[in-house]
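Q: One structure is given below, represented as structure tokens, and several questions about it will come after.
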Amino acid sequence: MTVSNAALERAAELRLEIAFHNRQYHTLDDPKISDAAFDALMQELLRLEEEFPELLIATSPTSKVGGGLNKAFSEVRHERPMLSLENAFSREDIEDFWRRLQQKLGDDEITLVAEPKLDGLAVSLIYDDGHLVRAATRGDGETGEDITNNILTIGDIPHQLGGAGWPAHLEIRGEVFMPRAGFKRLNERALAAGEKTFANPRNAAAGSLRQIDSRVTQERPLSFYCYGQGAYPSEALPSRHSQLLEELRRWGIPINPEILLVTSIEGCLSFYEDLMKRRPDLAYDIDGVVYKVDLFADRDRLGSIARAPRWAIAHKFPAEEALTRLISIDVQVGRTGALTPVARLEPVFVGGVTVTNATLHNAEEIQRKDIRVGDQVVVRRAGDVIPEIARSLPDQRPPSSIPFEMPSHCPICRHFASRKAIDIDGLGEKLIDQLLERHLIETVADLYQLTPSVLSTLDRLGEKSSQNLLKALDKSRHTTLPRFLFALGIREVGEVTGRLLAEHFRNLEDLMAADQATLEAIPDIGPSVARHIMTFFQQPHNLEVIRKLLDNGVFWDPLPERPPIEELPLAGKIFVVTGTLEHFTRDQASEAITALGGKVTSSVSKKTDYVVTGRDPGSKATKALDLGIDLLQEEDFIHLLKG
Ligand code: IVH
């Protein structure tokens with residue numbers, strides 16, 4: 106197969122993008138995308154290069170490890186290159202890995218060492234005559250940075266080897282990381298001091314190791330686990346990795362206690378599953394597990410490919426973080442009336458599930474993290490924990506974006522009182538604000554318990570107005586089911602849908618008991634409205650408010666028994682109303698039409714049957730004439746209604 110131009114271009118594009126993110130991650134400690142998104146780019150490039158080997162060039166990021174160097178530290182050349190690991194994401198990938206091992210090693214039993222894959226930074230430590238003499242970062246795998254002074258501040262790492270029998274010159278390799286508790290404390294302190302916080306423990310560890318002033322590193326809660334050797338005299342090397350780790354442990358080098366030997370695919374997978382389950386409870390972040398051939402002789406037979414050894418593989422966990430877009434921030438009312446902001450997200454696969462909602466905790470949190478509607482955000486779901494927004498990427502937001510403003514109290518009240526809802530004459534926004542601020546009401550139901558003496562305590566409300574308000578409140582008790590449903594403020598349930606639901610269910614109880622499928626079966630109710638209705642009636646706070654409203658005397662006349670919609674005189678007829686009618690308001694005209702089975706729409710189209718025309722009709726009447734639709738004057742309309 107020859108390389109297509111598209112493949113060539115895509116590979117070039119991917120290499121540029123990967124190089125950019127490599128620098129952000131490794132050199133600047135400021136990643137712009139999640140690890141999973143980075144892995145996806147790398148995987149795509151690997152696949153392309155596999156399909157078209159002509160594409161493979163020596164400078165491809167697939168044949169290099171890590172990023173560039175930070176010039177502040179002196180460079181050191183590794184005695185042996187520090188390799189990276191190939192990644193596996195599925196059971197099939199692990200089966201392939203075993204197959205490859207068996208092909209090369211034959212039928213002898215293969216023992217692997219299974220280890221947690223710590224999410225920190227690889228370092229190389231050199232001990233001469235038992236003394237720690239040099240420490241370096243991985244850098245690009247060939248050359249790293251000399252960070253000896255900083256490594257010497259980490260309490261876990263012995264300056265001098267204990268026990269006896271160590272070779273005169275040895276290099277060990279392992280991961281420097283920041284345990285979660287220390288990370289949390291560090292960020293809390295940074296926050297209190299008004300300093301920049303770290304995105305995650307890995308970045309915090311990286312930032313801490315790159316300090317020019319070792320006294321800063323010393324303050325940072327860093328730990329270390331050794332996972333192998335670098336340059337090591339062959340005569341001193343035991344025959345197995347597991348034995349080497351034991352030996353190093355005896356000399357005082359920290360070795361992760363979670364390490365196990367496994368001898369099968371199932372063994373690998375159960376180690377993986379077990380650790381994934383315990384992942385949230387571990388004291389440190391891990392992003393997967395590593396399986397390594399135990400016998401060094403077998404490793405020699407397997408060798409390495411460009412950037413990774415054939416004798417080891419990293420089995421990655423589903424990413425706990427993923428990038429997506431924040432569509433909107435909804436405010437949910439809790440049982441006690443407390444307001445909680447909830448993020449609505451473009452669906453994203455994270456932590457092994459598809460996430461569409463995430464908690465934002467409270468207004469302060471949104472402000473602190475500077476999260477805005479429309480932002481690219483990092484969603485985090487660790488274990489069974491509720492998904493949350495870890496951070497936003499403000500660099501990518503449009504200049505027009507505005508900070509989120511949290512309503513100070515339940516936004517439903519204003520809507521509830523409005524004319525087309527429960528219609529409480531004289532209860533304006535200012536008055537509602539006063540009532541809420543003075544805690545005289547908490548929910549709309551409390552409005553019906555207001556008394557003259559309570560109202561007399563309010564500013565700018567005379568006795569007369571107060572009497573009028575109480576009268577209006579009393580009058581509003583007698584409402585209609587469509588109005589009541591609209592007044593509840595269910596998301597996406599406007600006037601029309603309120604009426605539709607009332608017509609369909611005829612009573613509140615049946616609507617409240619309806620499941621998703623029943624709701625979706627109603628013409629004009631889509632899955633999203635259906636879900637909002639269901640969710641609304643599942644929230645204890647809402648049920649409580651409804652109960653209180655009814656207890657406080659809100660009622661409506663039962664809807665009359667009526668024949669099925671198809672048998673009504675205007676069934677299937679589509680109306681548009683335009684201009685001012687003499688005997689009806691617009692709402693009344695609509696109600697009259699729908700009561701007889703007709704449907705009212707707002708714009709004229711070929712499907713329109715009648716255009717009811719009042720005084721000063723607008724362009725709708727002209728359009729109706731163009732389309733050859735009959736105009737219905739008010740008398741004709743009344744005639745039609747009377748049948
Ligand atoms: S072995 C040639 N073991 O993962 C094999 N690496 O993606 C070298 N890592 O650079 C690595 N835990 O920073 C190995 N138990 C473990 C590890 C581990 C974390 C990191 C290490 C390495 C990277 C490769």
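The sequence shown begins at 106 in the working numbering and counts up one residue at a time. Where a beta carbon is used, it is the ideal one built from N, C-alpha and C, also for glycine.
Determine contact between the stretch 402-417 and the stretch 208-226, defined as no fewer than three beta-carbon pairs at a distance below 8 Å.
A: Counting Cβ pairs under 8 Å, three or more are found: they touch.
Q: Within 10 angstroms of the Cβ of Asn110, are there 16 or more other Cβ atoms? Answer buried if so, exposed if not.
A: Exposed: under 16 other Cβ atoms inside 10 Å.
Q: Give a yes or no on whether the C-beta atoms belonging to Asp403 and Leu210 are separated by under 7 Å.
A: Yes, Cβ-Cβ distance for Asp403 and Leu210 is below 7 Å.
Q: DSSP on Thr718, reduced to helix/strand/coil?
A: Of the three classes helix, strand and coil, the one that applies to Thr718 here is strand, per DSSP.
Q: So for Asn657, helix, strand or coil by DSSP?
A: Of the three classes helix, strand and coil, the one that applies to Asn657 here is coil, per DSSP.
Q: Note down, in chain order, each residue of its chain lying with its Cβ closer than 8 Å to the Cβ of Leu605, except the 5 sequence neighbours on either side.
A: Cβ within range, chain order: Ile627, Asp629 and Ile630.
Q: Threshold first: 4 residues or longer. Then list the alpha helix (DSSP H) segments lying entirely within the stretch 227-294, N to C.
A: Entirely contained in the stretch 227-294, the alpha helix (DSSP H) runs reaching 4 residues are, in chain order, 253-256.
Q: Tell me whether the beta-carbon of Val447 lies closer than 7 Å to the beta-carbon of Asn462.
A: Against a cut-off of 7 Å, the Cβ pair of Asn462 and Val447 comes out as a contact.
Q: Which two residues bound the contiguous beta strand (DSSP E) that contains His420?
A: It spans Ala417 to Lys421 - the beta strand (DSSP E) in which His420 sits, taken as one unbroken run.
Q: Tell me the DSSP secondary structure of Tyr377 in three-state form.
A: Tyr377 falls in the helix class under three-state DSSP.
Q: Give the straight-line distance between the Cα atoms of Ala341 and Ser347, rounded to the nearest whole angstrom.
A: Approximately 14 Å, taken between the alpha carbons.
Q: Near Asp234, which residues of its chain fall below 7 Å by C-beta distance, leaving aside the five closest residues on each side in sequence?
A: Closer than 7 Å at Cβ, skipping near neighbours: Ala273.
Q: Hey, would you say the C-beta of Leu223 is under 6 Å away from at least one heavy atom of the ligand ZN?
A: Absence of the ligand ZN from the depicted structure is noted, with the ligand IVH being the only ligands included.
Q: Where do the N-terminal and C-terminal ends of the alpha helix (DSSP H) with Leu746 fall, by residue?
A: Taken as a continuous stretch (DSSP letters only), the alpha helix (DSSP H) holding Leu746 covers Glu739 to Lys747.
Q: Assess, as a yes-or-no matter, whether the stretch 467-486 is touched by the stretch 370-385 under the definition of 3 or more beta carbon pairs within less than 8 Å.
A: At 8 Å Cβ cutoff, the stretches do not touch.
Q: Label Gly408 either buried or exposed according to how many other C-beta atoms from any shown protein chain fall within 10 Å of its C-beta, with 16 as the threshold for buried.
A: It is exposed - the Cβ of Gly408 has fewer than 16 other Cβ atoms within 10 Å.
Q: Hey, Val80 and Glu426: beta-carbon distance below 7 Å or not?
A: Residue 80 cannot be examined here, being either before or after the span of the chain that is shown, 106 to 748.
Q: What's the C-alpha gap between Leu817 and Ile595?
A: The requested residue 817 does not occur in the structure, where the chain is confined to residues 106 to 748.
Q: Mind checking whether the beta-carbon of Pro362 lies closer than 6 Å to any heavy atom of the ligand IVH?
A: The answer is no for Pro362.
Q: If the criterion is Cβ atoms closer than 7 Å, does the pair Arg611 and Leu563 meet it?
A: No, they are not a contact pair.
Q: Look up Phe194 in the DSSP assignment and say whether it is helix, strand or coil.
A: Reduced to three states, the DSSP call for Phe194 is coil.
Q: Note the first and the last residue of the continuous alpha helix (DSSP H) segment covering Asp392.
A: Where Asp392 is concerned, there is no enclosing alpha helix (DSSP H), although the beta strand (DSSP E) it sits in stretches over Ile391 to Val398.
Q: Nearest by alpha-carbon distance to Ser433: which of Arg636, Arg449, Gly246 and Phe178 is it?
A: Ser433 has its Cα closest to that of Arg449, out of Arg636, Arg449, Gly246 and Phe178.
Q: For Asn462, does the three-state DSSP call read helix, strand or coil?
A: The answer is strand: DSSP assigns Asn462 an E or B state.
Q: Can you list, in chain order, the residues of its chain with a C-beta nearer than 6 Å to that of Gln129? Leave out the 5 residues immediately preceding and following it.
A: Answer for Gln129: Asp135, Pro136 and Lys137, listed in chain order.
Q: Please classify Gly171 as buried or exposed, where buried requires at least 16 neighbouring CB atoms within 10 angstroms.
A: Only weak support exists for where Gly171 lies, its pLDDT of 48 falling under 50; the coordinates are left without a value.
Q: Using a Cβ-Cβ cutoff of less than 7 Å, which residues in the same chain neighbour Ala177 once the five nearest sequence positions on both sides are dropped?
A: Here the set comprises Ile317.
Q: Run through DSSP, which three-state label would Lys576 get?
A: DSSP places Lys576 in helix when its eight states are reduced to three.
Q: For Val455, name the three-state secondary structure that DSSP assigns.
A: Here Val455 sits in strand by DSSP.
Q: Does at least one heavy atom of the ligand IVH sit under 6 Å from the Cβ of Ser229?
A: No - the ligand IVH has no heavy atom lying nearer than 6 Å to the Cβ of Ser229.
Q: CB-CB under 6 Å to Arg440, same chain, minus the five flanking residues each way: which ones, in chain order?
A: With a pLDDT of 49 at Arg440, under the threshold of 50, the modelled position of that residue is not reliable, and the figure given next carries that caveat. These residues qualify, in order along the chain: Pro645 and His646.
Q: I need the straight-line Cα distance from Val659 to Thr602, nearest angstrom please.
A: Rounded to whole angstroms, Val659 to Thr602 spans 21 Å at the Cα level.
Q: Any heavy atom of the ligand IVH within a distance shorter than 6 Å of the CB on Leu366?
A: No, the Cβ of Leu366 stays beyond 6 Å of every heavy atom of the ligand IVH.
Q: Contact check, Phe303 vs Ala309 under 8 Å by CB: the rounded distance?
A: 4 Å between Cβ atoms; contact.
Q: Going by the CB atoms, is the gap between Val717 and Leu746 shorter than 7 Å?
A: Going by C-beta atoms, Leu746 is not nearer than 7 Å to Val717.
Q: By a C-beta neighbour count over all protein chains shown, 10 Å radius and 16 as the cutoff for buried, is Ile391 buried or exposed?
A: Flag for Ile391 reads buried.
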